[in-house]
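The sequence shown begins at 12 in our numbering and counts up one residue at a time.
Glycine included, every Cβ here is placed at the ideal spot set by N, Cα and C.
This structure is a prediction, so every number in the text was calculated from the model and none was measured.
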Amino acid sequence: MYMHNTEVCGISHDRLNFTTFDTPKEAHEDGSVVHCGSCGDCSNFNDMEIYARTRDTLTGSSTKCAFLMLMGRKFVSDCLQRDVGFTAPCSDCWQDNIQCTVR
12 MYMHNTEVCG ISHDRLNFTT FDTPKEAHED GSVVHCGSCG DCSNFNDMEI YARTRDTLTG
72 SSTKCAFLML MGRKFVSDCL QRDVGFTAPC SDCWQDNIQC TVR
């Protein structure tokens, strides 16, 4: 998806905010690259810390929450926020991904 896109999400030297940069070079001039593509709803300190801390368990935790899709999006959202620790906006992104996978 990002093969032809040079945008990256970066964090400034002062570590105060995540910003979408046009190129990795621009991100490195102001700070560092966090991930490829533009910053999104999960590009915040809370959710990025969860990705780092749970890299070995996140798939299992989120899969357990995904099974709740049969009961509705609210159940999945509650699970992702309560059991995984995602922010509400990031949970919404994960729910969208889960819903697409279910289809």
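G96 is positioned such that its CB atom lies no closer than 9 Å to that of N55. R26 sits close to G42, with the two beta carbons spaced by under 9 Å.
Counting only runs of 4 or more residues that sit fully inside the region 70 to 97, the alpha helix (DSSP H) segments are 84 to 90, in chain order. Taking a 10 Å sphere around the C-beta of V113, we find fewer than 16 other C-beta atoms and assign the residue as exposed. A distance below 7 Å between beta-carbons, with the five flanking residues on each side excluded, links P100 to the following residues of its chain, in chain order: D52.
For C101, the three-state secondary structure derived from DSSP is helix. No Cβ-Cβ contact shorter than 9 Å links H46 with C76.
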